[in-house]
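Q:
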Amino acid sequence: MSVVGLDVGNDTLVAAAARQRGIDVLLNAESKRESPAAVAFSHSARLLGAHASGAASSHAPFSSPKRLLLLASRPAPRDLPRLPFPVDVARSGAGGGARVHVDHLGRRIALSPTHILAMLLAYLRQLAEDDLGAPVADCVISVPCYLTQAQRRAYVDAAAVAGLRPLRLMHDLAATALGYGLYRSDLGVAGGPTFVAFVDVGHSDTQAGVVAFDASGMKVLSHGFDADLGGRDFDEVLFEHFAEEFRDRYKIDVVGNVKASMRLRAACEKAKKVLSANAEAVVNIECLMEEKDVRGMIRREDFEKLCAELLERVVEPCRRAMADSGIGLDKLQSVELVGSGSRVPAIARVLAGFFRREPSRTINVSECVARGCALQCAMLSPTFRVREYEVQDVIPASIGFCTNEGPISALTSNTLFRRGQPLPSVKIITLHRTSGFTLDAFYVDENELPPGTSTQIGSFEIGPFQAHSEKSKVKVKIRLNLHGLISVESAVLIDDDQRDANSADSMELDSNDNMDHKSRNEPPMHRQDLQIVESIYGVMSKQELLEAQEQEQQLAYQDKLVERTKERKNALESYVYDTRNKLSERYRSFATDSEREEISVNLQQTEDWLYEEGDDETEAVYTSKLEELKKLVDPIEYRCKDEEARAEATRELLKCIVDHRMAAKSLSAPERDAIDNECTKVELWLRESSQLQESLPKNVDPVVWSHEIKKKEEELDMSCSKIVTSRARGHDNDDGC
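Residue numbers (this note's numbering): 1046 to 1782.
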């Protein structure tokens, strides 16, 4: 069973696989280690990855899956102008309030961010299966630490739609830290843990964290983030700068033109990369809009001045992570800087000022997350043996519970799972209730979430039930699992008339994960498992999930059909060109003038048809056209191939005749004469056939085919064997007498 780690970034996709020799980053069809996180649709085909990115000029791809997922729960108006496709955020329902629409196969399709994410995961699954040559199901998927419950469930649902079984949703920094720490034997060997800070400046977000390493494993101490600050924001500074410059100089409004905006943003991204190693960068775009060529230049120092506010924001997640970790800057052994947006020199400079040390770049900034996820998947999978190494993450945001009747007295500030506590975690709360009730889950502090995110998580209806006593209580087990998902696992009604009546609720940590444990001396109690109805806000219902899976299967089938059709079309086109060349060279002497003329005409007609009305046909039509051409060409091809095969078959037959005559020398005269007679008959047949064949031109069917000569060889072997066998049988009869 294959074991893979998947990193779905806002801009790129990376897949890594665990093999016996280590972790490998998998290559896509273009032999690249990263693929664009994009999905595009034409009227008949769906394009994924690099194919979708290449289609941007005619069909704007759906990209930025992380931002789409955030738009589903907190519409951000400043995000919408950056997307080269319209997004409907005025609805609510499964997957939140965002939808994109596309015309495909003659019908209008509405896609949720969850389904777009599923398409990208399915693309990575197929990429992994093509590389590994085996089915892929088990995986670990990377997620930002700031995702809400609804967004985490969207990842799990997307994986189900894509045919994947995630063993864990792993925070980006935890995956990076695992890949960093597992192979270093010098961490935590000086009598205490080694503390390392990680800063991940991605395409659309920035995350920071502090991790403690020792010989037995790693423990994440804290998370900090800015969900709205990434490399694309530095690109946007350049975009706004040049858009204003071009408006003043060339009198064009790039912002109001979607295609021109896409081209300018791409040029600004390249300019930012140039500024990473050079003092200045030039933006030069031909025919940007209104048939005008534009040119602009910016110096690195001017770029850094424009980005001053962004650079200040880079430090904030680091400051929060350090404060929550409880350690001082002087305790850090290293600061590791990763992420696609981290290549801006000014970012490293401001981080050096905050941490009082230069950030290190000892790990691959683009592949570290996927590699860490693959390692974690190998650890969780029973098919791999990995050395014992504990990976402990923490809860990124506090989660609280209350009932429909009000706060739970046992919970301080209504908090059940506190930020910074170990993940996963299981807790039990004991509530004194005599009838059904509802538990409401929520985030305790909105400041621990991205701005504008709702604090509501969902509700859990317990019951209905009717207790037999007013002393009855309900024990509720609540789990925060490896994915970071909250669930009410069980609720048990306990009727105990012999206990003291105590109306106070209580809470306990279920370290043994067992609600049925009881002392031998306790009196018997009546226990009843209660029904739990879960309702998480903004997630797909079971029916919607099934519909999404069915829709994805239909799209995947259409993808394969389009691919097969393309292969058939390419095969037909290649056959036309290949046959035309062979007809004038290799096949020339094997075809009559009339055959060459007929085939040439058909080849030209097929070529013209391919580039005109046959440009977009079905697989069956291309197959039929190819078969029609082969009916004309096959006889000529057979003559050509058989001439070579006939010469080889003739040599083999002559060798067979010589071998049998040599072997017959040890036989008696009658047997020797019989074998020689058989060989002579075959030799005579071969001579007559060869003489007749030499008198014929090559452009007619041969008198004797190579397979007939091979058959003669088999008949000669059989005849000679019979002669030798009958001789041996005669000797046996003589011995018996």
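All C-beta atoms in this analysis are idealised placements derived from N, C-alpha and C, irrespective of residue type, glycine included. Being a predicted model, the structure only gives us computed values, none of them experimental.
Select from Glu1357, Ala1272, Val1389, Asp1375 the residue whose C-alpha is nearest the C-alpha of Ala1322.
A: Closest by alpha carbon: Val1389.
Q: Could you tell me if Ala1235 is buried or exposed, where buried requires 16 or more neighbouring beta carbons within 10 angstroms of its beta carbon?
A: Exposed: under 16 other Cβ atoms inside 10 Å.
Q: What are the boundary residues of the beta strand (DSSP E) that Leu1377 is part of?
A: First-last of the beta strand (DSSP E) with Leu1377: 1377 to 1383.
Q: Less than 8 Å between the beta carbons of Tyr1228 and Ile1408, yes or no?
A: No; because the gap between Cβ atoms is not below 8 Å, this pair is not in contact.
Q: Do you know whose CA, among Arg1613, Tyr1488, Ile1372, lies nearest Gly1445's CA?
A: Here the closest residue by C-alpha is Tyr1488.
Q: Cutting at 8 Å between CB atoms, please list the residues of its own chain near Ser1564, excluding the five before and the five after it.
A: Low confidence applies to Ser1564: its pLDDT is 44, below 50, so where it sits in the model is not reliable enough to give any reading.
Q: Verify whether the separation of the beta carbon atoms of Val1383 and Phe1279 is less than 8 Å.
A: Not a contact, by the Cβ cut-off of 8 Å.
Q: Excluding the five sequence neighbours on either side, which residues of its own chain have a C-beta within less than 6 Å of the C-beta of Glu1534, listed in chain order?
A: Lys1522, Arg1524.
Q: Could you give the C-beta distance for Gln1466 and Ile1502, rounded to a whole number, given that I count them as a contact under 8 Å?
A: With a Cβ gap of about 17 Å, Gln1466 and Ile1502 do not count as contacting.
Q: So what's Glu1403 in DSSP terms, helix, strand or just coil?
A: In the structure shown, Glu1403 sits in coil (DSSP, three-state: anything other than H, G, I, E or B).
Q: What is the rounded straight-line gap between the Cα of Glu1515 and the Cα of Thr1457?
A: The straight-line gap from Cα to Cα measures roughly 25 Å.
Q: Which residues in the same chain have their Cβ closer than 6 Å to the Cβ of Asp1176, if we skip the five residues on either side of it in sequence?
A: Same-chain partners within the cutoff: Leu1071.
Q: Find out if the Cβ-Cβ distance for the pair Ile1186, Leu1214 is shorter than 8 Å.
A: The answer is yes: Cβ separation under 8 Å.
Q: Could you pull out every residue in the same chain whose Cβ sits closer than 6 Å to the Cβ of Lys1614, ignoring the five residues on either side in sequence?
A: Excluding residues within five positions, the ones whose Cβ falls inside 6 Å are Tyr1667.
Q: Under 6 Å Cβ to Cβ from His1705, same chain only, skipping five residues before and after it: list those, please.
A: Excluding residues within five positions, the ones whose Cβ falls inside 6 Å are Ile1720, Cys1724, Cys1765.
Q: Span of the beta strand (DSSP E) holding Pro1211?
A: 1210 to 1216 is the extent of the beta strand (DSSP E) around Pro1211.
Q: Identify the residues that DSSP records as bridge partners of Asn1073: which are they?
A: None, per the DSSP bridge assignment.
Q: Go ahead and pull the three-state DSSP assignment for Phe1348.
A: If DSSP states are grouped into helix, strand and coil, Phe1348 belongs with the helices.
Q: Of the choices His1477, Val1319, Gln1594, whose alpha-carbon is the least far from that of Val1537?
A: Of His1477, Val1319, Gln1594, the residue nearest in Cα terms is His1477.
Q: Find the nearest neighbour of Glu1079 within the set Gln1065, Ala1220, Val1059, judged by alpha-carbon distance.
A: Residue Val1059 is the option with its Cα nearest to Glu1079.
Q: Three or more C-beta pairs under 8 Å: does that hold for the stretch 1618 to 1633 against the stretch 1142 to 1157?
A: No, the stretch 1618 to 1633 is not in contact with the stretch 1142 to 1157.
Q: Which residues bound the alpha helix (DSSP H) around Asn1615?
A: First-last of the alpha helix (DSSP H) with Asn1615: 1587 to 1629.
Q: If we ignore side chains and look at the alpha-carbon of each, how far apart do Val1578 and Met1585 end up?
A: Straight-line Cα distance between these residues: approximately 15 Å.
Q: Taking the alpha carbon of Gly1497 as the point to measure from, which residue in Asp1271, Leu1737, Ser1076, Val1049 has its own alpha carbon closest?
A: If we check each option's Cα against that of Gly1497, Asp1271 comes out closest.
Q: Can you check which of these residues, Lys1756, Val1414, Gly1373, is closest to Arg1401 by C-alpha distance?
A: The option with the nearest alpha carbon to Arg1401 is Gly1373.
Q: Along the chain, where does the alpha helix (DSSP H) that runs through Ile1644 open and close?
A: Note, Ile1644: alpha helix (DSSP H), 1638 to 1655.
Q: By a C-beta neighbour count over all protein chains shown, 10 Å radius and 16 as the cutoff for buried, is Met1763 buried or exposed?
A: Met1763 is exposed by the Cβ-count criterion.
Q: So within the stretch 1424 to 1497, which uninterrupted beta strand (DSSP E) runs reach at least 3 residues, ignoring any that extend past its ends?
A: Complete beta strand (DSSP E) runs here, min 3: 1435 to 1439, 1444 to 1448, 1460 to 1462, 1470 to 1476, 1480 to 1488.
Q: DSSP three-state label for Gly1023, please.
A: Nothing can be reported for residue 1023: it is not among the residues displayed for the chain, which extend from 1046 to 1782.
Q: Less than 8 Å between C-beta atoms, sequence neighbours within five positions excluded: which residues of the same chain meet that for Glu1435?
A: Excluding sequence neighbours, Glu1435 sits near Ser1261, Gly1262, Met1263, Lys1264.
Q: Find the nearest neighbour of Lys1376 within the set Thr1239, Thr1483, Leu1527, judged by alpha-carbon distance.
A: Closest by alpha carbon: Thr1239.
Q: Would you identify the three-state DSSP class for Thr1057, choosing helix, strand or coil?
A: Strand.
Q: Per DSSP, what kind of secondary structure is Pro1081 in: helix, strand or coil?
A: Three-state DSSP puts Pro1081 in a strand.
Q: Report the rounded CA-to-CA distance for Ser1639 versus Glu1612, giving the unit in angstroms.
A: Each residue's Cα considered, the two are about 31 Å apart.
Q: With a Cβ-Cβ cutoff of 8 Å, do Ile1754 and Leu1671 count as a contact?
A: Contact: no.
Q: Any idea what DSSP makes of Cys1313, helix, strand or coil?
A: If DSSP states are grouped into helix, strand and coil, Cys1313 belongs with the helices.
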